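In this note's numbering, the protein residues as written are 151 to 597.
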Ligand code: TRP
């Protein structure tokens, strides 16, 4: 993203747009969050709900965000204001900005862990460990006082350095180069996992749904995960849409983004679950899951040190391409709505993320007993952002695109014929907002 067009930044090429959008979508959400959410919510049952959520709600919502962003050529607030001709939709903008800050805060903690695991890999400190060792190593690291905090701050510093320059051609180029490598490595790991003793059991856990496990709370988690993984519901894709040139086909872009994102999540599941059963881990280990299972897999591979270092490095890059999209959401709001310079907006973004990110980090350690509604600060941020703010943001975007914005604007933006446009609009007008609302209300016990 570099060229200026009518005063606003623009993505340079179509490939650049796809790289940035896929870069935002593919991240810890796919490789860290998806396996542990699936693991704690019944495996196959979760995957089934997830796929339905992606198809019925994810694709229409991402189309809506791209279309609104490109038609509005503004940040989330500006876009809502432009098409409603009022300030009545400001709440949806606030909610998006709040969610992006909360996600940036807890996300940076995990991104910091990837840095730590990268450094440990290159110093070969995982050699010769047993499954229990990986668990105790992770616990002792994540609950210690200083190292995780330093890692979070280091990550935020790198994110800051990128944001200060604007979203440079550098990061676009890095993601274009490194994302394909991440794919290749995941496939190599998949093949390796498929040859493990208990591969069958792992695959059955992931792909064979136990229908009795499909509950409203599993559905809500799948919905939250779908929105989280596609970076939708809080204006991130809207702001990226606003940087896309007029001649790009948004529906095609949305489909490619969704397809690649889902593929990476499923590949991550195929890597993790056979190993979980083979090495005797619990699939329900929560946020620690990937950090305990992956090193065990690397140790088995010839040249494990190199694989491991490379993998955590790529995971770090994937995290960075995601956090820059969260930061961009906030920064575009500050510069366009509040008249701040890019520099002060970036400083403010860093300041807030440092405070909240540090709180999230120490909620694994010295603040572990400090609970709100039975959740630590890290868990609370994740739960509130993913399972409350993203669904509400999704309802707002779909209602707005379906009912408030003129149909002709949507049609022109999406550039599709009636056969595709009609069902898409039905989804946006009725199916998406109603089903998100029902799942949401049911899971929080209101209906
Ligand atoms: N989608 C990213 C991931 O899977 C995370 C992310 C980036 C995000 N931007 C977002 C999540 C906006 C929600 C909203 O890792």
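Just so it is clear, CB atoms sit at the ideal spot from N, CA and C, and this is done for glycine as well.
All values derive from a computational prediction rather than experimental measurement.
Backbone CA spacing between residue i and residue j [nearest angstrom]
{"i": "residue 497", "j": "residue 515", "result": "27 angstroms"}
{"i": "residue 453", "j": "residue 408", "result": "33 angstroms"}
{"i": "residue 457", "j": "residue 425", "result": "16 angstroms"}
{"i": "residue 154", "j": "residue 394", "result": "Only weak support exists for where residue 154 lies, its pLDDT of 48 falling under 50; the coordinates are left without a value."}
{"i": "residue 538", "j": "residue 590", "result": "8 angstroms"}
{"i": "residue 198", "j": "residue 269", "result": "36 angstroms"}
{"i": "residue 584", "j": "residue 447", "result": "42 angstroms"}
{"i": "residue 152", "j": "residue 167", "result": "Only weak support is given to the placement of residue 152: the predicted model assigns it a pLDDT of 48, under 50, and the question is left unresolved by the model."}
{"i": "residue 298", "j": "residue 573", "result": "47 angstroms"}
{"i": "residue 309", "j": "residue 344", "result": "35 angstroms"}
{"i": "residue 243", "j": "residue 252", "result": "14 angstroms"}
{"i": "residue 173", "j": "residue 331", "result": "13 angstroms"}
{"i": "residue 518", "j": "residue 165", "result": "44 angstroms"}
{"i": "residue 480", "j": "residue 247", "result": "6 angstroms"}
{"i": "residue 272", "j": "residue 441", "result": "16 angstroms"}
{"i": "residue 161", "j": "residue 414", "result": "24 angstroms"}
{"i": "residue 472", "j": "residue 175", "result": "7 angstroms"}
{"i": "residue 314", "j": "residue 501", "result": "13 angstroms"}
{"i": "residue 342", "j": "residue 526", "result": "36 angstroms"}
{"i": "residue 302", "j": "residue 470", "result": "12 angstroms"}
{"i": "residue 577", "j": "residue 437", "result": "33 angstroms"}
{"i": "residue 460", "j": "residue 233", "result": "46 angstroms"}
{"i": "residue 264", "j": "residue 257", "result": "11 angstroms"}
Residue i: CB within 7 angstroms of a non-hydrogen atom of ligand 1
{"i": "residue 178", "result": "yes"}
{"i": "residue 472", "result": "yes"}
{"i": "residue 384", "result": "yes"}
{"i": "residue 477", "result": "no"}
{"i": "residue 523", "result": "no"}
{"i": "residue 540", "result": "yes"}
{"i": "residue 214", "result": "no"}
{"i": "residue 491", "result": "no"}
{"i": "residue 175", "result": "yes"}
{"i": "residue 378", "result": "yes"}
{"i": "residue 250", "result": "yes"}
{"i": "residue 325", "result": "no"}
{"i": "residue 371", "result": "no"}
{"i": "residue 381", "result": "yes"}
Distance CB(residue i)-CB(residue j) smaller than 8 angstroms
{"i": "residue 552", "j": "residue 592", "result": "no"}
{"i": "residue 488", "j": "residue 316", "result": "no"}
{"i": "residue 565", "j": "residue 405", "result": "no"}
{"i": "residue 427", "j": "residue 543", "result": "no"}
{"i": "residue 373", "j": "residue 586", "result": "yes"}
{"i": "residue 208", "j": "residue 468", "result": "no"}
{"i": "residue 530", "j": "residue 520", "result": "no"}
{"i": "residue 503", "j": "residue 254", "result": "yes"}
{"i": "residue 390", "j": "residue 170", "result": "yes"}
{"i": "residue 598", "j": "residue 556", "result": "Absent from the model: residue 598. The displayed extent of the chain is 151 to 597, so no value can be given."}
{"i": "residue 186", "j": "residue 550", "result": "no"}
{"i": "residue 380", "j": "residue 411", "result": "yes"}
{"i": "residue 194", "j": "residue 356", "result": "yes"}
{"i": "residue 262", "j": "residue 392", "result": "no"}
Cβ neighbour criterion (16 or more within 10 Å) applied to residue i
{"i": "residue 307", "result": "exposed"}
{"i": "residue 445", "result": "buried"}
{"i": "residue 288", "result": "buried"}
{"i": "residue 294", "result": "exposed"}
{"i": "residue 280", "result": "exposed"}
{"i": "residue 588", "result": "exposed"}
{"i": "residue 334", "result": "exposed"}
{"i": "residue 224", "result": "buried"}
{"i": "residue 221", "result": "buried"}
Cβ-heavy atom distance, residue i to ligand 3, below 7 angstroms
{"i": "residue 253", "result": "Ligand 3 is absent from the structure shown, which contains only ligand 1."}
Interface flag, residue i vs chain D, CB-CB below 8 angstroms
{"i": "residue 183", "result": "No chain D appears in the structure shown, which is made up of a single protein chain."}
Whole alpha helix (DSSP H) runs in the stretch 386–435 with 4 or more residues, listed along the chain? 386–391, 400–429
I'd like the ranges of any alpha helix (DSSP H) spanning at least 4 consecutive residues and lying wholly in the stretch 518–544. 527–532
Within the stretch 249–292, ranges of the alpha helix (DSSP H) (whole runs, at least 4 residues): 281–292
Whole alpha helix (DSSP H) elements within the stretch 173–260, 4-residue minimum: 184–190, 194–202, 209–222, 226–234
What runs of the alpha helix (DSSP H), each 4 residues or longer, lie entirely inside the stretch 343–374? 349–357
Which ranges would you report for the alpha helix (DSSP H) in the stretch 425–494 if only whole runs of at least 4 residues count? 439–450, 454–487
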